[in-house]
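Everything on this sheet refers to the single structure shown next.
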Amino acid sequence: MDELRQFIKEHQNDDVRALALQAGKYSGFDFQFALRQIAGWQIARQKLPSWAATEGLVYPPHLSMEQCSSELTAKYKAALCSGERLTDLTGGFGIDCAFMSVNFQSSCYVERNEELCKIAEHNFKKLQLPNVSVNCAEAADFLANMPRADVIYLDPARRDKNGKKTVSIGDCEPDVTKLKDLLLSKAGVIWVKFSPMLDLNLALKDIPEITEAHVVAVNNECKELLLKIVQDGARGDVKIVCANLKKAGEMELFAQSRSDEETAACLYADRPDVFLYEPNVAILKGGLYKSVSEKFGVKKLHQNSHLYTSEELVEEFPGRKFMVLSVFSMNKKELKRELADVSKANVSVRNFPLSVEELRKKLKLKEGGDIYIFATTLRNGDKVLVKCVKC
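Residue numbers for the sequence shown follow numbering that gives the first Met the number 0, so the first one is 0 and each next one is one higher.
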């Protein structure tokens, strides 16, 4: 064991693929396990920094490391709930359960994979979480016989038996639509984590008891969709919370009810003004297009373009902010004039007939640089390019 620990410590920053080629040199310990620990720690260093800094933790196979929540998203979930008893029915590597358990007097981790259960039990002790019990069982079986909890948390598997990505609740396992009544008989609040690929509108129809939907992004990359289910819940109106977490500890947070989004007064502009705004991906996934216009006083370029503009800079806008340099068409003369001194740019398309690749090829531009070009459609149907720099 000492030799194993020493090997892991000495090689924790090495290339795992290169190390794997040296298998014949080591025979005194489980070499494949050592490689897994090194690879797991390297992922944790970025994804779970406080765990990576904790000596003696055991890391699971690669797939579990890739699928587990990040520390940022686990902390976000932990801030959403508290009480006497938490039950996590799909424990996995145990990240969410570990962070959420801090706000409960006792917590119950449930996982059907025996190896993951052993890893979780070991790690919870190392993390000094004595209030978490580990149970190896199927979620549905455990649910049927479990004592009542304040909060139940689930993270259903997001792939069906054919291995394709799924977009509806019914395609995930366990199927929350089938377990909903039993879940609500066992806890006052149910939190369910889904892939951001889930069709939110369809989910709200499938489970009318959903009261909140949290779209969680990290550094403008959509990571999770969290649904809060409560007995006698929304029945029509749902709070949409869009959170863009940043590694520096900052967060862009924007929330609105669906009914308020439907009645929000969206402002429109005929052309881009001095500043251009692109909402963060959480807002785009949450569909709060009109509310963001009303709240921040920015004007939309087109109903389906999801780009906004203003004369004065709105510093607090939740997304990327740009200063407009020029607006021009795809006319050859205009392109030649506007792009004469531009050899590379960051190209995006929003409600435009060409893909990014097609447009980049047509404009003969390399990727990168300080110039940003948005290809979009204006309110009157004109197809234009907006040349900008970041604010």
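Ideal placement from N, C-alpha and C gives every residue a C-beta, glycine not left out.
Fair warning: this is a prediction, and the values are worked out from it, not measured in the lab.
Burial state of residue i (16 or more Cβ within 10 Å)
i, result
"V388", "exposed"
"D14", "exposed"
"S194", "buried"
"E277", "buried"
"T376", "buried"
"G296", "exposed"
"S100", "buried"
"S328", "exposed"
"D154", "buried"
"D87", "buried"
"Q36", "buried"
"D95", "buried"
Rounded straight-line distance, which links the Cα of residue j to that of residue i
i, j, result
"V237", "D180", "19 Å"
"A242", "V191", "16 Å"
"L18", "L34", "8 Å"
"N345", "E366", "6 Å"
"N279", "D29", "45 Å"
"S256", "P207", "15 Å"
"L197", "Y152", "17 Å"
"I209", "K177", "15 Å"
"V188", "K76", "13 Å"
"Q104", "I228", "22 Å"
"L115", "S347", "42 Å"
"R405", "M64", "An answer regarding residue 405 cannot be provided, because it is not within the stretch 0 to 390 covered by the chain."
"L283", "E220", "11 Å"
"E311", "V323", "12 Å"
"V313", "S81", "36 Å"
"G169", "F123", "32 Å"
Residue of the options minimising C-alpha distance to residue i
i, options, result
"E54", "L244, Q127, Y75, S68", "Q127"
"M250", "K185, D231, P317, E261", "P317"
"V383", "R270, F28, D174", "R270"
"L338", "L364, F98, Q21", "L364"
"K343", "L85, I370, A136", "I370"
"A374", "F103, N303, N130", "N303"
"T89", "S106, V297, L266", "S106"
"A281", "P173, V214, P155, S81", "V214"
"L201", "G285, V240, V133", "G285"
"S218", "F141, E293, K245", "Note on identity: in this sequence residue 218 is Asn, with Ser being the wrong assignment. Checked all of F141, E293, K245; the closest Cα to N218 is K245."
"R84", "A51, A186, L203, L3", "A186"
"Q66", "Q21, A22, A156, S26", "A156"
Any non-hydrogen atom of the ligand ZN closer than 7 Å to residue i Cβ
i, result
"L384", "With respect to the ligand ZN, the structure offers nothing, as it holds no ligand at all."
For residue i, the residue or residues it bridges with in DSSP
i, result
"A374", "V348, L384"
"N134", "V109"
"V188", "V150, V229"
"Q278", "In the sequence under discussion, the amino acid at residue 278 is Pro, which differs from the Gln named in the question. The partner list for P278 (beta bridge, DSSP) reads G318."
"E172", "A156"
"C241", "V214, F253"
"G82", "F103"
"T308", "L275, K298"
"F92", "Partner(s): none; F92 has no beta bridge."
Worksheet item: Touching or not, the region 38-48 and the region 63-74, by the rule of three or more beta carbon pairs under 8 Å?
Response: yes
Practice prompt. For the region 256-267 and the region 298-312, state whether three or more C-beta atom pairs, one from each stretch, are separated by less than 8 Å.
Written response: yes
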